[in-house]
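Peer 1: Sharing a structure, written as structure tokens. Questions coming.
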Amino acid sequence: MWALPLLSLVMLTLQLLLSAGQLTLQTAVMGAFAGTAAYVLLALNHQFNVMPRTSWTLMENTYWFAVLYAAAFLVFPPRQAIRVAAAMLILSALICAYHLLFTVSPLTRTHLTGASVQFLLMGGVMTVMQATLGVQRMRLLASHTAAYTDTLTGLANRRAAEERLSTLTRQGETYTLVLFDLDHFKRVNDMHGHATGDLVLRGVAQVALGHLPQGGVAARWGGEEFLLILPEQRDRHVRSLLDAMRLELRHQRHGNVSGVTACFGVATAHAGEDPERVLERADAAMYTVKQKGRNDVHLADLRRTQMG
């Protein structure tokens, strides 16, 4: 009479707060889970109080516990989900034990004990199964991440960048590529060692991520070469972004290495254009900078990036 309407009110309130931007989706989902779990536990307790004295089995609302055990592993991280599911299982066991000892008719106690044990065993098996699947899922996600991430810098690797370009091409999206190469990086490795060189690469990666606009991807293209895949940029916007990057790079210090410079080539794709052609234009623009003295930006598609 009161718990189900209250649960409905909680769900409606969470939906309104979510729509108004007052809650994150994760918080709303966790709140919905907590409300549902509380309702089902209350219903489990209540059914013993209203159960006919001749009833030999638990009521239908216990079926919903299976959904909650599975949902816990969708709402929470694996370890936290195990704790939540275990807490629900323990509370359920305490509720069942109390009523079997003090409120259930002796005539049906044996049968209800069997039904309760089956109900609790199902919860335990569901928790173990979901925990096992959760571990496997985490391993698959870690394996997927490793396959598409550069281990040194934490940026996307070349494979991830190529797949992103293929996706944008299939969808007919336009985009701007920035290909840049660190100046005299071999000299850094030769003079200061590869450990210092790795610090430089990580520092450059952090700068790239720090200036990446929404929807952009930063990748290590290979060696000391990096690639930015950006939503289509006007020339003044991309120039401003890259100048800010260059300024920050110039102020970096890594051991005995003071300041990093790079050559930046920029090209903007036509809708559906072969990514290889866009990369070739960006690469040509980057080498134009190298020929002119390095540490600068060259836009291969000046007219296109000025549009809009």
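Under this note's numbering, think of the first position of the sequence shown as 61, with each following residue one higher. Think of the CB as a built atom: it goes at the ideal place given N, C-alpha and C, for glycine as much as any other residue.
Output the residue ranges of the alpha helix (DSSP H) runs that lie fully inside the stretch 93 to 176 and measure 4 residues or longer, sorted by chain position.
Peer 2: Counting only runs of 4 or more, we get 124 to 135, 138 to 162.
Peer 1: Would you mind reading off the limits of the beta strand (DSSP E) that contains H358?
Peer 2: What you label residue 358 is simply residue 298 of the sequence shown in a count that begins at 1. Element bounds for H358: 356 to 359.
Peer 1: Could you spell out the range, first to last residue, of the beta strand (DSSP E) harbouring A327?
Peer 2: Sequence index remark: in the sequence shown, residue 327 carries index 267 (1-based). That run of the beta strand (DSSP E) goes 322 to 328.
Peer 1: How would you label E284, buried or exposed, when you count the other beta carbons within 10 angstroms and need 16 or more for buried?
Peer 2: In the sequence shown, the residue the question calls residue 284 occupies position 224. E284 is buried by the Cβ-count criterion.
Peer 1: For V188, tell me which candidate among R337, R139, D361 has the shortest Cα-Cα distance.
Peer 2: Position 128 of the sequence shown, counted from the start, is the residue given in the question as residue 188. Ranking R337, R139, D361 by Cα distance to V188 puts R139 first.
Peer 1: Please state whether the Cβ-Cβ distance between V357 and L272 is less than 7 Å.
Peer 2: Here residue 357 refers to the residue found at position 297 when the sequence shown is read from its first residue. Here residue 272 refers to the residue found at position 212 when the sequence shown is read from its first residue. Cβ distance not < 7 Å, so V357 and L272 don't count as in contact.
Peer 1: In angstroms with no decimal places, state the Cα-to-Cα distance between Q293 and M346.
Peer 2: In the sequence shown, residue 293 corresponds to position 233, counting from 1. In the sequence shown, residue 346 corresponds to position 286, counting from 1. When rounded, the distance between both Cα atoms is 17 Å.
Peer 1: Residues in its own chain within less than 7 Å of L197 by CB, not counting five upstream and five downstream?
Peer 2: Locating residue 197 in the sequence shown gives position 137, where the first residue counts as 1. Note that residue 197 is Arg in the sequence shown here, rather than Leu. Excluding sequence neighbours, R197 sits near nothing in its chain.
Peer 1: Give the secondary structure of T84 by DSSP, where H, G and I count as helix, E and B as strand, and everything else as coil.
Peer 2: Taking the sequence shown and counting its residues from 1, the one referred to as residue 84 is at position 24. Of the three classes helix, strand and coil, the one that applies to T84 here is coil, per DSSP.
Peer 1: Could you give the C-beta distance for T213 and R299, rounded to a whole number, given that I count them as a contact under 8 Å?
Peer 2: Taking the first residue of the sequence shown as 1, we reach residue 213 at position 153. Taking the first residue of the sequence shown as 1, we reach residue 299 at position 239. That belief does not hold up - the Cβ atoms of T213 and R299 are roughly 24 Å apart, past 8 Å.
Peer 1: Mind checking whether F136 and V127 have CB atoms under 7 Å apart?
Peer 2: Indexing the sequence shown from 1 puts residue 136 at position 76. Indexing the sequence shown from 1 puts residue 127 at position 67. Contact: no.
Peer 1: Is it the case that the Cβ atoms of A342 and A327 are separated by a distance below 7 Å?
Peer 2: In the sequence shown, the residue the question calls residue 342 occupies position 282. In the sequence shown, the residue the question calls residue 327 occupies position 267. Yes; because the gap between Cβ atoms is below 7 Å, this pair is in contact.
Peer 1: Among G91, A153, H159, which has the Cα closest to the Cα of Q178?
Peer 2: Mapped onto the sequence shown, residue 178 falls at position 118. Closest by alpha carbon: A153.
Peer 1: Is the separation between the beta-carbon of F133 and that of G194 shorter than 7 Å?
Peer 2: Taking the first residue of the sequence shown as 1, we reach residue 133 at position 73. Taking the first residue of the sequence shown as 1, we reach residue 194 at position 134. Contact flag set, yes.
Peer 1: Can L290 and G276 be called in contact, C-beta distance under 7 Å?
Peer 2: For the purposes of this step, residue 290 is taken as residue 230 along the sequence shown, with counting starting at 1. For the purposes of this step, residue 276 is taken as residue 216 along the sequence shown, with counting starting at 1. Yes, these two residues count as a Cβ contact at 7 Å.
Peer 1: Of all the beta strand (DSSP E) runs that stay within the bounds of the stretch 228 to 285, which reach a length of 3 or more residues?
Peer 2: Listed in chain order, the complete beta strand (DSSP E) runs (minimum 3 residues) inside the stretch 228 to 285 are 235 to 242, 277 to 282.
Peer 1: What does the alpha-carbon distance come out to for the pair H254 and N217?
Peer 2: Translated into positions along the sequence shown, residue 254 becomes position 194. Translated into positions along the sequence shown, residue 217 becomes position 157. The alpha-carbon atoms of H254 and N217 are separated by roughly 20 Å.
Peer 1: What does the alpha-carbon distance come out to for the pair D419 and R354?
Peer 2: In the structure as shown, the chain begins at 61 and stops at 368. Residue 419 is therefore absent and cannot be evaluated.
Peer 1: What are the start and end residues of the alpha helix (DSSP H) that includes M61?
Peer 2: By one-based count along the sequence shown, residue 61 stands at place 1. Here M61 belongs to no alpha helix (DSSP H), and DSSP marks it neither H nor E.
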